[in-house]
Structures are given as C-alpha cells and as structure tokens.
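The next block holds one structure in the form of structure tokens; read it before the comments.
Residue numbers (the working numbering): 597 to 709.
Printed below as a string of structure tokens:
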C-alpha cells in the first residue's frame, strides 16, 4: 500500500541589489510562480540583482543579472532638451544666411517672400 507523505514545503526567497541591499525577503509555502513588485533604489547605480531561494531541505539556489537603475534617464532628458534647441539654432542660422524672415502661423513655420 502506498502511503502519501505530507511534506511541509517552505521556500524562502530573497532579492538583493549587490550583496548587501535587500529589496525583498519572503517565505512561500507552495511551489508555484509568483509575481512581486519591489522598490528600486532612487539613486543612479549599476549593480547585480541576486535572487536566492532556500527550500525546506536547506538547498540553496541563486540566479543573478546585471542591472542599472536610472542610468539612461539623464541621457534621454539631455537629448529631449538639446534636439529642439539645436533645430531652432539651425533654422535661425539658415534664416540669417538667406536674409529671409520667418513668420509663425497656426500651422507651423513658413517663409515670407
């Protein structure tokens, strides 16, 4: 006769930024897929995200991936600010070089003759 053994499953999951900044530490009691929302560091940084799990038998599993927080944000803002100013400077230089005046109408820029 086959006896069913009732195991008490326990999975302790920990997510850290680098080796010292924990952003999640949680215990699950059933094997399944889970989605967690974690807070990210507010300062700009590059680091490694470590996801570790220890089960009820003290078996240890670890995965890691390189990540960056807010590193490209300043580059995006820089280009969003510089491109319109650069385009305006080019238009003004072309206007001065050709001695044509610009008139602004409701549809955008157009040249007066």
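Ideal placement from N, C-alpha and C gives every residue a C-beta, glycine not left out.
Alpha carbons only, please: which of the options is nearest the one belonging to residue i?
i: residue 643; options: 665, 634, 649, 684; result: 665
i: residue 647; options: 638, 618, 655; result: 618
i: residue 615; options: 656, 660, 681; result: 660
i: residue 629; options: 682, 674, 607, 679; result: 607
i: residue 623; options: 658, 649, 655, 678; result: 649
Would you kindly work out how many angstroms separate the C-alpha atoms of residue i and residue j, rounded to a whole number?
i: residue 627; j: residue 605; result: 8 Å
i: residue 663; j: residue 612; result: 12 Å
i: residue 685; j: residue 670; result: 22 Å
i: residue 602; j: residue 653; result: For residue 602, the predicted model reports a pLDDT of 49, less than 50, meaning its position is unreliable; a value from the coordinates is still stated below. Going from the Cα of residue 602 to the Cα of residue 653 covers about 14 Å.
i: residue 625; j: residue 632; result: 15 Å
i: residue 645; j: residue 689; result: 49 Å
i: residue 683; j: residue 673; result: 16 Å
i: residue 656; j: residue 640; result: 30 Å
i: residue 678; j: residue 687; result: 14 Å
i: residue 710; j: residue 658; result: Nothing about residue 710 can be read from this structure; the chain reaches only from 597 to 709.
i: residue 680; j: residue 638; result: 29 Å
i: residue 675; j: residue 651; result: 48 Å
Can you list, in chain order, the residues of its chain whose CB lies under 7 Å from that of residue i, leaving out five sequence neighbours each side?
i: residue 621; result: 610
i: residue 634; result: 611, 619, 620
Please determine whether the Cβ atom of residue i lies at a distance below 7 Å from any heavy atom of the ligand SAH.
i: residue 665; result: The ligand SAH is absent from the structure shown, which contains no ligand whatsoever.
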